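Numbering (my numbering), first residue to last: 18 to 520.
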């Protein structure tokens with residue numbers, strides 16, 4: 018086929034994918050955002066937060082939702098597009114014109130690869146920053162106390178565990194109280210019950226302190242250490258200040274702490290390198306301590322522990338390219354501040370076995386330190402592999418969706434929805450389970466995160482080979498798909514019955 022025709026075909030196939038990709042991404046993101054709103058809504062109720070803060074929380078939730086829905090949208094778009102092309106016999110016409118399935122798949126793989134690269138940059142550069150800002154904002158919201166509000170005929174907890182108030186009648190417009198009873202438990206040595214016929218309440222200038230003016234009442238006071246001592250005081254006016262009944266919402270400006278999901282790949286690689294250096298240091302200390310104990314028992318001379326190389330490993334190509342791009346846009350003053358001092362890191366001082374003689378008697382301490390270093394490295398390695406695996410899933414899903422849609426074109430929307438839900442469920446359950454296994458050092462970080470991709474790749478390859486054969490695009494529907502997936506069960510049962518009859 019002439020090259021211009023190939024380009025026209027590639028553009029046509031890619032254009033067919035753009036609308037379903039956009040619709041699927043928007044619909045899936047909206048559905049998961051609604052779920053996020055439902056989960057977080059209870060944290061905002063009654064705290065008097067400005068709407069801008071609530072909007073910011075949900076806006077910051079979009080990046081990690083998109084990180085999950087982008088591979089989903091690729092699968093939905095590929096299934097929908099090729100099921101329509103196959104149902105309209107366009108795929109059959111392409112094959113009749115001498116266009117191979119590989120030629121049809123090429124632009125789709127190119128587009129999926131481009132989306133995978135975008136997903137990688139999104140997950141590595143945008144997602145950690147939004148996760149960090151979101152976590153900081155949620156912590157600030159948790160520190161915000163609920164808006165103070167009193168209810169009639171109810172014991173209201175004004176200060177948690179310390180100050181309780183009950184009023185028979187409350188007039189919110191005039192801020193007046195009638196038939197007031199206060200239980201003051203602030204002092205651990207004594208308990209006070211304050212009663213009043215009426216009262217008035219007001220807030221301080223900052224709105225955080227409550228001022229109560231009580232009239233015509235009495236105070237009952239008893240010491241816990243001396244229950245027989247009871248004091249009863251009458252008053253005409255009693256003014257009480259209750260500090261900190263509410264607080265203002267304050268956003269943290271600078272939070273240096275970052276978890277594994279709030280770091281870029283390059284930052285996590287630095288953490289992994291330091292964890293491996295710690296692991297090597299513990300190994301050297303353990304071996305040197307044991308050797309020193311043996312030499313001490315044999316009354317031989319001491320031994321010096323070799324120094325651990327603390328030189329950071331060179332950055333990967335990916336991190337090197339990102340670093341070069343960042344330096345182009347970073348001010349020169351910032352570059353000078355972050356420049357590494359000449360001479361490189363100084364090697365650590367060698368340690369003698371006299372520093373480690375006691376540690377040789379506690380091998381369990383070394384085992385704990387070794388496991389802690391391994392686990393710290395594994396947690397960040399798992400997160401690195403997860404970013405890479407989710408990005409690669411865009412290509413894997415394109416390889417899986419295209420032959421499945423061509424092979425079973427009469428499945429229609431049911432095929433798109435059913436296959437998508439099944440693949441999403443298996444994939445993300447595999448990711449969650451793999452992350453748990455990887456963090457616990459049960460499997461390697463690579464296998465923990467890449468196993469779902471490998472499983473679907475193994476499923477996709479036979480499907481691709483099957484649609485390459487002539488006539489394999491004919492009229493497949495749900496019954497044929499069910500037969501392909503579950504037909505082996507009936508064949509196994511028939512084989513068992515045949516064996517019994519033969520006997």
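Backbone N, C-alpha and C define an ideal beta-carbon position, used for all residues, glycine too. Values in this document were obtained by computation on a predicted structure and should not be read as measured data.
Using a threshold of 9 Å, state whether the C-beta atoms of residue 521 and residue 209 are closer than that.
Only positions 18 to 520 of the chain appear in the structure, and residue 521 is not among them; the question remains open.
Quick check on residue 475: buried or exposed, where buried means 16 or more other Cβ atoms within 10 Å of its Cβ?
Translated into the one-based positions of the chain shown, residue 475 becomes position 458. Classification for residue 475: exposed.
Would you kindly report the start and end of the unbroken alpha helix (DSSP H) that includes residue 127?
Position 110 of the chain shown, counted from the first residue, corresponds to residue 127. Where residue 127 is concerned, the enclosing alpha helix (DSSP H) stretches over 118-138.
Out of curiosity, what's the CA-to-CA distance linking residue 188 and residue 150?
Walking along the chain shown from the start, residue 188 turns up at place 171. Walking along the chain shown from the start, residue 150 turns up at place 133. Going from the Cα of residue 188 to the Cα of residue 150 covers about 41 Å.
Spatial distance of residue 259 from residue 226 (CA atoms):
Here residue 259 refers to the residue found at position 242 of the chain shown. Here residue 226 refers to the residue found at position 209 of the chain shown. About 6 Å.
Any beta strand (DSSP E) of 3 or more consecutive residues that is wholly inside the region 407-491:
none
So residue 97 and residue 433 are supposed to be a Cβ contact under 8 Å. How far apart are they, rounded?
Within the chain shown, the letter at position 80 stands for residue 97. Within the chain shown, the letter at position 416 stands for residue 433. Right, their Cβ atoms sit about 5 Å apart.
How about residue 278 and residue 398: are their beta carbons less than 9 Å apart?
Position 261 of the chain shown, counted from the first residue, corresponds to residue 278. Position 381 of the chain shown, counted from the first residue, corresponds to residue 398. Contact flag unset, no.
Taking just the CA atoms, how far does residue 29 sit from residue 73?
Your numbering for residue 73 matches position 56 in the chain shown. Your numbering for residue 29 matches position 12 in the chain shown. Approximately 39 Å, taken between the alpha carbons.
Our contact map puts residue 205 next to residue 407 with C-beta atoms below 8 Å; I'd like the distance itself, whole angstroms only.
Within the chain shown, numbered from 1, the residue matching residue 205 stands at position 188. Within the chain shown, numbered from 1, the residue matching residue 407 stands at position 390. About 54 Å; that fails the 8 Å criterion.
Would you mind sorting residue 273 into buried or exposed? The rule is 16 or more other CB atoms within 10 Å of its CB.
Translated into positions along the chain shown, residue 273 becomes position 256. Exposed.
According to the Cβ coordinates, are residue 75 and residue 54 closer than 9 Å?
Position 58 of the chain shown holds residue 75. Position 37 of the chain shown holds residue 54. Yes, Cβ-Cβ distance for residue 75 and residue 54 is below 9 Å.
Closer than 8 Å by C-beta to residue 11: which residues in its own chain qualify, once you throw out the five before and the five after it? Chain order, please.
Because residue 11 is not part of the residues shown, which for the chain are 18 to 520, the question remains open.
What distance in whole Å lies between the Cβ atoms of residue 386 and residue 299, which are believed to be in contact at a cut-off of 8 Å?
Counted from its first residue, the chain shown places residue 299 at position 282. Counted from its first residue, the chain shown places residue 386 at position 369. That pair is a contact at about 5 Å.
Short Cβ contact (9 Å threshold) for residue 121 with residue 31
On the chain shown, position 104 is the one that residue 121 refers to. On the chain shown, position 14 is the one that residue 31 refers to. Judged by beta-carbon spacing, residue 31 lies beyond the 9 Å limit of residue 121, meaning their Cβ atoms are not closer than that value.
Figure out for me which residue from 389, 139, 345 and 82 has the closest Cα to the Cα of residue 51.
Along the chain shown, read from residue 1 onward, the residue named residue 51 stands at position 34. Considering only alpha carbons, the answer is 82.
Are there 16 or more other CB atoms within 10 angstroms of the CB of residue 281, so buried, or fewer, so exposed?
For the purposes of this step, residue 281 is taken as the residue at position 264 of the chain shown. When all chains shown are included, residue 281 counts as buried.
DSSP three-state assignment for residue 172, whether helix, strand or coil
Position 155 of the chain shown holds residue 172. Of the three classes helix, strand and coil, the one that applies to residue 172 here is coil, per DSSP.
Using a Cβ-Cβ cut-off of 8 Å (strictly less than) and excluding sequence neighbours within five positions of residue 341, which residues of its own chain qualify?
Sequence index remark: in the chain shown, residue 341 carries index 324 (1-based). Excluding positions up to five away in sequence, the list is empty.
In the DSSP assignment, what residue or residues form a beta bridge with residue 227?
The residue given as residue 227 occupies position 210 in the chain shown. Answer is 220 and 259, bridged to residue 227.
Can you find the residues in the same chain that come closer than 6 Å, C-beta to C-beta, to residue 157, ignoring five residues on each side of it along the sequence?
Taking the first residue of the chain shown as position 1, residue 157 is located at position 140. In its chain, beyond the 5 residues on either side, 268 and 269 have a beta carbon closer than 6 Å to the beta carbon of residue 157.
Alpha carbon to alpha carbon, how far is residue 456 from residue 109? Give it in angstroms, no decimals.
If you number the chain shown from 1, residue 109 lands on position 92. If you number the chain shown from 1, residue 456 lands on position 439. Rounded to the nearest angstrom, the two C-alpha atoms are 48 Å apart.
Touching by the beta-carbon criterion (3+ pairs, under 8 Å), the region 178-192 and the region 89-106:
no
When burial is assigned at 16 or more other CB atoms within 10 Å of the CB, is residue 174 buried or exposed?
The sequence position of residue 174 within the chain shown is 157, counting from 1. With fewer than 16 other Cβ atoms within 10 Å, it is exposed.
Residue 79 lies in the beta strand (DSSP E); which residues open and close that run?
Stepping through the chain shown from its first residue, residue 79 is reached at position 62. Looking at the DSSP string, residue 79 is not in any beta strand (DSSP E); the run it does join, the alpha helix (DSSP H), is 68-104.
Should residue 147 go down as buried or exposed, given a rule of 16 or more other Cβ atoms within 10 Å for buried?
The sequence position of residue 147 within the chain shown is 130, counting from 1. Counting Cβ neighbours within 10 Å, residue 147 comes out buried, since at least 16 surround it.
Can you check whether the CB of residue 426 is closer than 9 Å to the CB of residue 103?
Taking the first residue of the chain shown as position 1, residue 103 is located at position 86. Taking the first residue of the chain shown as position 1, residue 426 is located at position 409. A contact, by the Cβ cut-off of 9 Å.
With distance defined between alpha-carbon atoms, name the residue in 221, 257, 294 and 301 nearest to residue 197.
Here residue 197 refers to the residue found at position 180 of the chain shown. Ranking the options by Cα distance to residue 197, first place goes to 257.
Alpha carbon to alpha carbon, how far is residue 57 from residue 68? Give it in angstroms, no decimals.
Here residue 68 is taken as the residue at index 51 of the chain shown, counted from 1. Here residue 57 is taken as the residue at index 40 of the chain shown, counted from 1. Taking the straight line from one Cα to the other gives about 14 Å.
Leaving aside the five residues before and after residue 234 along the sequence, list all residues of the same chain whose C-beta is less than 7 Å from its C-beta, in chain order.
In the chain shown, the residue the question calls residue 234 occupies position 217. Result list for residue 234: 211, 212, 213, 214, 252 and 255, in chain order.
CB residue 286 to CB residue 332, shorter than 9 Å?
Mapped onto the chain shown, residue 286 falls at position 269. Mapped onto the chain shown, residue 332 falls at position 315. Judged by beta-carbon spacing, residue 332 lies within the 9 Å limit of residue 286, meaning their Cβ atoms are closer than that value.
Close Cβ partners of residue 105 (< 6 Å) along its chain, the five nearest in sequence each way excluded:
Counting from one through the chain shown, the residue named residue 105 turns up at place 88. Around residue 105: no qualifying Cβ.
Suppose contacts are defined by Cβ-Cβ distances below 9 Å. Is residue 95 in contact with residue 422 by that definition?
Position 78 of the chain shown holds residue 95. Position 405 of the chain shown holds residue 422. Yes, they are a contact pair.
In angstroms, rounded to a whole number, what distance separates the CA positions of residue 443 and residue 436?
If you number the chain shown from 1, residue 443 lands on position 426. If you number the chain shown from 1, residue 436 lands on position 419. A straight line joining the alpha-carbon of residue 443 with that of residue 436 spans about 11 Å.
Tell me residue 246's beta-bridge partners as DSSP assigns them.
In the chain shown, counting from the first residue as 1, residue 246 sits at position 229. Looking at the DSSP assignment, residue 246 forms no beta bridge with any residue, so it has no partner.
What would DSSP say about residue 212, mapped onto helix, strand or coil?
Mapped onto the chain shown, residue 212 falls at position 195. Three-state DSSP puts residue 212 in a strand.
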